[in-house]
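There are 2 protein chains.
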Amino acid sequence: MLPYAEYLASLPKRHVGCAAIFLNEKDELLIVKQSYREGWSVPGGVIDALESPHDGCVREIKEEIGLEIPQLTFLIVQYERNFPNKAEAYDSVEFTFFGGVLGAAQIARIVLEEQEIEAYQFCSQDEALKLLRPTIGSRVRAGLEAMRLGVPLYTEYESH
Amino acid sequence: MLPYAEYLASLPKRHVGCAAIFLNEKDELLIVKQSYREGWSVPGGVIDALESPHDGCVREIKEEIGLEIPQLTFLIVQYERNFPNKAEAYDSVEFTFFGGVLGAAQIARIVLEEQEIEAYQFCSQDEALKLLRPTIGSRVRAGLEAMRLGVPLYTEYESH
Chain A
1 MLPYAEYLAS LPKRHVGCAA IFLNEKDELL IVKQSYREGW SVPGGVIDAL ESPHDGCVRE
61 IKEEIGLEIP QLTFLIVQYE RNFPNKAEAY DSVEFTFFGG VLGAAQIARI VLEEQEIEAY
121 QFCSQDEALK LLRPTIGSRV RAGLEAMRLG VPLYTEYESH
Chain B
161 MLPYAEYLAS LPKRHVGCAA IFLNEKDELL IVKQSYREGW SVPGGVIDAL ESPHDGCVRE
221 IKEEIGLEIP QLTFLIVQYE RNFPNKAEAY DSVEFTFFGG VLGAAQIARI VLEEQEIEAY
281 QFCSQDEALK LLRPTIGSRV RAGLEAMRLG VPLYTEYESH
């Protein structure tokens, strides 16, 4: 390993994740239920090594709901600090993109990832924000705000 | 370690970095010469563990040029993929913030970090983009574009 690579390897790293906002023509939000976690989420996940946040989100959308959406719109980048208990702490950088307004033909093509996603639904944005896990809800709330403003945002979020 | 923490630990991570754009009243860009690397840069560096990109950038500005700028404006988040040679590859997420337009009184308070920064100068944006290392230049170019547009941006950059 080169000295510079050694130096880089010594620096702190964190996970990078992604989430996608989809609406239907009634302005309702697409939410998904992951079989392995409590609460509802939106399509998304953790970015692979050497994969960009945008391309990781395209991949997760394809895997989780079966739709091919090649171009996503950047909405927010959120720095998250998590303290699940007193002994642990971790942080991550989370990107939220807008996937678009889905028409009936696209919705008919949704195919859920069998092992991981047990259901999806469209519901009002207020209702969705009640059902989403708090961390995901914070990203979606900020993403919807960025859409209203027409301007991408940088946000920070802490969970305990 | 909890099972979820174990799962998280298995996922890929990357460095997160920051850079700051400062202008003087003639619209010239502040650039700095790090003693340990070729080419010019701007204030910035790698974010510490459990430190937000914004707060990391505030810290780096204070360390490198001695100015206390408590509030920075988000300009761009850039995904970077680096291939220094055939055997190596690494990626990172880099935040660029605007630190403000520095007046004469603030410029007089600049104190360089003795060990790491050997010089600074203000120069025209075109000249600065020639002097900056290509990766840093790509961030500054996108950051100046975001300032012109008045809208933060998501960008991707690859270097070989």
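Residue numbers (my numbering), protein chains in the order written: chain A, 1 to 160; chain B, 161 to 320.
In this text, a Cβ means the ideal position worked out from N, Cα and C, and glycines have one as well.
A quick note: this is a predicted structure, and the numbers were derived from the prediction, not measured.
Which residue comes first and which comes last in the beta strand (DSSP E) that contains Arg241 (chain B)? Residue mapping note: residue 241 (chain B) aligns to position 81 of the second sequence, counting from 1. Here the beta strand (DSSP E) through Arg241 (chain B) covers 233 to 245.
Close beta carbons around Glu273 (chain B), own chain, < 7 Å, minus the five adjacent residues each side: On the second sequence, residue 273 (chain B) is found 113 positions in, with the first residue counted as 1. For Glu273 (chain B), where only same-chain residues beyond five positions count, the Cβ hits under 7 Å are Glu223, Glu224.
Distance CB(Thr135 (chain A))-CB(Tyr157 (chain A)) smaller than 8 Å: Position 135 of the first sequence, counting from 1, holds the residue named residue 135 (chain A). Position 157 of the first sequence, counting from 1, holds the residue named residue 157 (chain A). Less than 8 Å separates the beta-carbon of Thr135 (chain A) from that of Tyr157 (chain A).
Do we get a CB-CB distance below 8 Å when we pair His15 (chain A) with the residues of chain B? For the purposes of this step, residue 15 (chain A) is taken as residue 15 along the first sequence, with counting starting at 1. Yes, its Cβ sits closer than 8 Å to a Cβ of chain B.
When Cβ atoms are compared, which residues of the stretch 32 to 50 of chain A fall closer than 8 Å to chain B? Of all residues in the stretch 32 to 50 of chain A, only Val46, Ile47, Asp48, Ala49, Leu50 place a beta-carbon less than 8 Å from a beta-carbon of chain B.
Local conformation of Arg14 (chain A) per DSSP, three classes: Taking the first sequence and counting its residues from 1, one reaches residue 14 (chain A) at position 14. Under the three-state reduction of DSSP, Arg14 (chain A) is assigned to strand.
How big is the Cα-Cα spacing for Ile47 (chain A) and Cys18 (chain A)? Against the first sequence, residue 47 (chain A) aligns to sequence position 47. Against the first sequence, residue 18 (chain A) aligns to sequence position 18. Those two C-alpha atoms are separated by around 7 Å.
Taking C-beta pairs closer than 8 Å, name the residues in chain A that Glu316 (chain B) reaches, listed in chain order. Stepping through the second sequence from its first residue, residue 316 (chain B) is reached at position 156. Residues of chain A passing the Cβ test: Ser52, His54.
Output yes if chain B places a C-beta closer than 8 Å to the C-beta of Pro3 (chain A); else output no. For the purposes of this step, residue 3 (chain A) is taken as the residue at position 3 of the first sequence. Answer no: the Cβ-Cβ gap between Pro3 (chain A) and chain B never drops below 8 Å.
Reduced DSSP secondary structure (H/G/I, E/B, other) of Lys26 (chain A): Locating residue 26 (chain A) in the first sequence gives position 26, counting from the first residue. Lys26 (chain A): coil per DSSP, three-state reduction.
So if I threshold CB-CB distances at 7 Å, which residues from the stretch 124 to 136 of chain A count as touching chain B? Within the stretch 124 to 136 of chain A, no residue has a Cβ that lies closer than 7 Å to any Cβ of chain B.
Could you tell me whether any Cβ in chain B is nearer than 8 Å to the Cβ of Ala104 (chain A)? The residue given as residue 104 (chain A) occupies position 104 in the first sequence. For Ala104 (chain A), the answer is no, since every Cβ of chain B falls outside 8 Å of its Cβ.
Please list the terminal residues of the continuous alpha helix (DSSP H) segment that includes Ala209 (chain B). To locate residue 209 (chain B), count along the second sequence from 1; it is residue 49. Counting along the chain, Ala209 (chain B) falls outside any alpha helix (DSSP H), and DSSP gives it neither H nor E.
Rounding to the nearest angstrom, what Cα-Cα distance links Val202 (chain B) and Tyr280 (chain B) in this structure? Locating residue 202 (chain B) in the second sequence gives position 42, where the first residue counts as 1. Locating residue 280 (chain B) in the second sequence gives position 120, where the first residue counts as 1. Take the alpha-carbon of Val202 (chain B) and the one of Tyr280 (chain B): they are about 9 Å apart.
Can you check whether the CB of Leu75 (chain A) is closer than 8 Å to the CB of Ala146 (chain A)? Position 146 of the first sequence, counted from the first residue, corresponds to residue 146 (chain A). Position 75 of the first sequence, counted from the first residue, corresponds to residue 75 (chain A). In this structure, Leu75 (chain A) lies closer than 8 Å to Ala146 (chain A) by Cβ.
From Thr233 (chain B) to Val300 (chain B), what distance separates their C-alpha atoms? Here residue 233 (chain B) refers to the residue found at position 73 when the second sequence is read from its first residue. Here residue 300 (chain B) refers to the residue found at position 140 when the second sequence is read from its first residue. Distance between Thr233 (chain B) and Val300 (chain B), taken at the CA atoms: about 14 Å.
Is Gly259 (chain B) near Ile191 (chain B), with beta carbons less than 8 Å apart? Looking up residue 259 (chain B) in the second sequence gives position 99. Looking up residue 191 (chain B) in the second sequence gives position 31. Result no, Cβ atoms of Gly259 (chain B) and Ile191 (chain B) do not sit closer than 8 Å.
Consider the Cβ of Leu144 (chain A): report whether some Cβ of chain B lies at a distance smaller than 8 Å. Reading the first sequence from its first residue, position 144 is the one you call residue 144 (chain A). It does not: the Cβ of Leu144 (chain A) has no partner Cβ on chain B nearer than 8 Å.
Contacts that Ala89 (chain A) makes with chain B (C-beta to C-beta distance below 9 Å): Indexing the first sequence from 1 puts residue 89 (chain A) at position 89. Ala209, Leu210, listed in chain order.
Does any CB atom of chain B fall closer than 8 Å to the CB of Pro12 (chain A)? In the first sequence, counting from the first residue as 1, residue 12 (chain A) sits at position 12. Judged by the 8 Å Cβ criterion, Pro12 (chain A) is in contact with chain B.
Coarse secondary structure for Leu313 (chain B), derived from DSSP in three states: As a position in the second sequence, residue 313 (chain B) is number 153, starting the count at 1. Correct three-state label for Leu313 (chain B): strand.
List, in order along the chain, the chain A residues whose C-beta lies closer than 8 Å to that of Leu168 (chain B)? As a working note, residue 168 (chain B) is residue 8 in the second sequence. The contact set of Leu168 (chain B) on chain A, defined by CB atoms closer than 8 Å, consists of His15, Tyr90 in chain order.
Could you work out which residue in A:Ala87, A:Leu144, A:Val93, A:Tyr90 is closest to Asp126 (chain A) when comparing CA atoms only? Position 126 of the first sequence, counting from 1, holds the residue named residue 126 (chain A). When each option's Cα is compared against that of Asp126 (chain A), the closest is A:Leu144.
By how many angstroms is the C-alpha of Val311 (chain B) removed from the C-alpha of Ile270 (chain B)? Position 110 of the second sequence, counting from 1, holds the residue named residue 270 (chain B). Position 151 of the second sequence, counting from 1, holds the residue named residue 311 (chain B). Cα to Cα, the separation comes out at about 29 Å.
Tyr234 (chain B): contacting residues in chain A (beta-carbon distance under 7 Å): Numbered from 1 along the second sequence, position 74 holds the residue referred to as residue 234 (chain B). Reading the sequence as shown, one finds Phe at residue 234 (chain B) and not Tyr. Neighbours of Phe234 (chain B) on chain A, chain order: Tyr154.
Please list, in chain order, all residues of the same chain as Glu198 (chain B) whose beta carbon is under 8 Å from its beta carbon, the five residues on each side excluded. Indexing the second sequence from 1 puts residue 198 (chain B) at position 38. Excluding residues within five positions, the ones whose Cβ falls inside 8 Å are Arg293.
Burial state of Asp27 (chain A), where buried means 16 or more other Cβ atoms lie within 10 Å: Counted from its first residue, the first sequence places residue 27 (chain A) at position 27. Looking at its Cβ environment, which holds fewer than 16 other Cβ atoms inside 10 Å, Asp27 (chain A) is exposed.
Locate the alpha helix (DSSP H) running through Ile117 (chain A), then write down its first and last residues. In the first sequence, counting from the first residue as 1, residue 117 (chain A) sits at position 117. Note, Ile117 (chain A): premise wrong, no alpha helix (DSSP H); beta strand (DSSP E) at 117 to 123.
CB contact flag (Leu129 (chain A), Asn24 (chain A), <8 Å): Within the first sequence, numbered from 1, the residue matching residue 129 (chain A) stands at position 129. Within the first sequence, numbered from 1, the residue matching residue 24 (chain A) stands at position 24. Using a Cβ distance threshold of 8 Å, Leu129 (chain A) and Asn24 (chain A) do not count as a contacting pair.
Residue-level contact to chain B via CB, Arg81 (chain A), 8 Å cutoff: Position 81 of the first sequence, counted from the first residue, corresponds to residue 81 (chain A). So, interface residue.
For His54 (chain A), which of A:Gln106, A:Leu67, A:Gln71 has the nearest alpha-carbon? In the first sequence, counting from the first residue as 1, residue 54 (chain A) sits at position 54. Looking at A:Gln106, A:Leu67, A:Gln71, the one whose alpha-carbon comes closest to that of His54 (chain A) is A:Gln71.
Using C-beta distances below 8 Å, list every residue in its chain close to Tyr196 (chain B), excluding the 5 sequence neighbours before and after it, in chain order. Your numbering for residue 196 (chain B) matches position 36 in the second sequence. Closer than 8 Å at the Cβ level, and outside the excluded window around Tyr196 (chain B), lie Glu276.
Can you list the residues of chain A that Val237 (chain B) reaches, using a CB-CB cut of under 9 Å? Residue 237 (chain B) sits at position 77 when you count from the first residue of the second sequence. Neighbours of Val237 (chain B) across chain A, judged by C-beta separation under 9 Å: Pro53, Phe74, Val77, Val93, Phe95, Pro152, Tyr154.
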